[in-house]
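One gets this note's numbering by counting positions in the sequence shown from 1 and adding 951 to each. We put the CB at the ideal spot given by N, CA and C, even for glycine.
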Amino acid sequence: MAIFNNTLDDLVEITLATIMPPESWFEGTATSGSTSTVADTVNRTEADDYFNSMPHSEVYIRTTTDSAAPIRERRDISGFANTGGVVTISPVFSAVVGAGDVYAILTEYPWAEVKRAINMAIDKAKSDGLLIEKIDETVELVAANYDYLIPTGFMYIYRVTMADGDGNFLQPVPPNQWHIIRGTSTPTLRLDVFSDEQKHTGHYYGQTWAESSLTDGRLLRIEGYGAQPRLDNDTDICKLSPEYVCYQAATYLHSRRIKRAESDPDEHATQASLCSTFARAALSQSRTQFPPDCRRVEA
């Protein structure tokens, strides 16, 4: 079972609301709205034109009371009025913003840029040895067939188990009786048997697991590790440590804004270095530890 289970939306919030400067993320619950406005009389107390005077500002509808549009829509902010806490956007949303809809306002760091930084951090996790657990139960056994294509996404495999008559996976295949054939476009899991060429006259050979226990039609459970896929949709799940991913993403965000010291009042170089240090510390605590009999799939 995964220890971490965060959506892209969660990771963007953690990165901007927890790690980046406080003015990077504002949030609240709409008290009313329209297709072109978000009104919040409770949380939006900033001065007139506060948001639209920034180099960048956008509003994002995180949740809606009916889980329908304009959920997960983002629009640039074109105006803000302190009276009524009204944010005006352009172009319009596909549906009316209603009371109770939860929104966030992003400034300086656009959603698309933060998403890109998060996916760069996810890519780096693979090379840093930070993987996610992967389980597949789709391979169906065929009598007297001992070679099976390994499902995509596995980088390492540590356990193989056949389902029993009730569909439970209780007794693993002995680890010395399966191996991985690499060097092809699709690696193969081979269940070992004694071929006639390996047997010598006058010697007794016991049956291997595949010869004695493999049952036609049963499913094979393959357990191992793979790389975390990139996140495309706001609801896509990341099973990596959010501390590592978000601090690494923050490193990239700060790095893009590094300037000469005299023209960098936000000290992005210093912030990038600090975030990188925190990312490495998180990595040291969450790097994948392989169990016994773990075998590499990729060539």
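Beta-carbon gap between residue i and residue j smaller than 8 Å
| i | j | result |
| --- | --- | --- |
| residue 963 | residue 1066 | yes |
| residue 1097 | residue 1090 | no |
| residue 1252 | residue 1050 | A question about residue 1252 goes unanswered here, because the residues of the chain that appear run from 952 up to 1250. |
| residue 1036 | residue 988 | no |
| residue 1029 | residue 994 | no |
| residue 959 | residue 1185 | yes |
| residue 1136 | residue 955 | no |
| residue 1198 | residue 1239 | no |
| residue 1092 | residue 1165 | yes |
| residue 1024 | residue 1045 | yes |
| residue 1111 | residue 1171 | yes |
| residue 1109 | residue 1245 | yes |
| residue 1010 | residue 1054 | yes |
| residue 1169 | residue 1232 | no |
| residue 1195 | residue 1230 | yes |
| residue 1087 | residue 1173 | yes |
Where residue i falls: helix, strand or coil (DSSP)
| i | result |
| --- | --- |
| residue 1130 | strand |
| residue 1194 | helix |
| residue 1070 | helix |
| residue 1055 | strand |
| residue 1081 | coil |
| residue 973 | helix |
| residue 965 | helix |
| residue 1203 | helix |
| residue 1076 | helix |
| residue 1165 | coil |
| residue 1245 | coil |
| residue 1183 | coil |
| residue 1098 | strand |
| residue 1026 | strand |
| residue 1228 | helix |
| residue 1087 | strand |
| residue 1221 | helix |
| residue 1010 | strand |
| residue 989 | strand |
| residue 1114 | coil |
| residue 997 | coil |
| residue 1037 | strand |
| residue 1063 | helix |
| residue 1121 | coil |
| residue 959 | helix |
| residue 1234 | helix |
Contact belief for residue i with residue j at Cβ below 8 Å, rounded distance in angstroms
| i | j | result |
| --- | --- | --- |
| residue 1047 | residue 985 | 6 Å |
| residue 967 | residue 1107 | 34 Å between Cβ atoms; not a contact. |
| residue 1012 | residue 1052 | 6 Å |
| residue 1138 | residue 1083 | Not a contact, Cβ separation roughly 19 Å. |
| residue 1031 | residue 1000 | 6 Å |
| residue 969 | residue 1007 | With 8 Å as the limit, residue 969 and residue 1007 do not qualify as a contact, their Cβ atoms being about 20 Å apart. |
Cα-Cα separation between residue i and residue j, rounded to whole angstroms
| i | j | result |
| --- | --- | --- |
| residue 1205 | residue 1188 | 25 Å |
| residue 1085 | residue 1005 | 44 Å |
| residue 1033 | residue 998 | 6 Å |
| residue 976 | residue 1200 | 15 Å |
| residue 1056 | residue 1018 | 19 Å |
| residue 979 | residue 1183 | 25 Å |
| residue 1158 | residue 1143 | 10 Å |
| residue 1095 | residue 1162 | 8 Å |
| residue 944 | residue 973 | The requested residue 944 does not occur in the structure, where the chain is confined to residues 952 to 1250. |
| residue 952 | residue 1042 | In this predicted model, residue 952 has a pLDDT of only 45, less than 50, meaning its place in the structure is not dependable; the value taken from the coordinates is given anyway. Taking the straight line joining both Cα atoms gives about 42 Å. |
| residue 1222 | residue 1202 | 7 Å |
| residue 1271 | residue 1081 | Since the first residue of the chain shown is 952 and the last is 1250, residue 1271 is not available in this structure. |
| residue 1070 | residue 1016 | 29 Å |
| residue 1241 | residue 990 | 51 Å |
| residue 1020 | residue 1119 | 42 Å |
| residue 1068 | residue 1027 | 20 Å |
| residue 1209 | residue 971 | 14 Å |
| residue 1103 | residue 1167 | 23 Å |
| residue 1235 | residue 1077 | 14 Å |
| residue 1122 | residue 1237 | 29 Å |
| residue 1040 | residue 957 | 28 Å |
| residue 1243 | residue 1224 | 36 Å |
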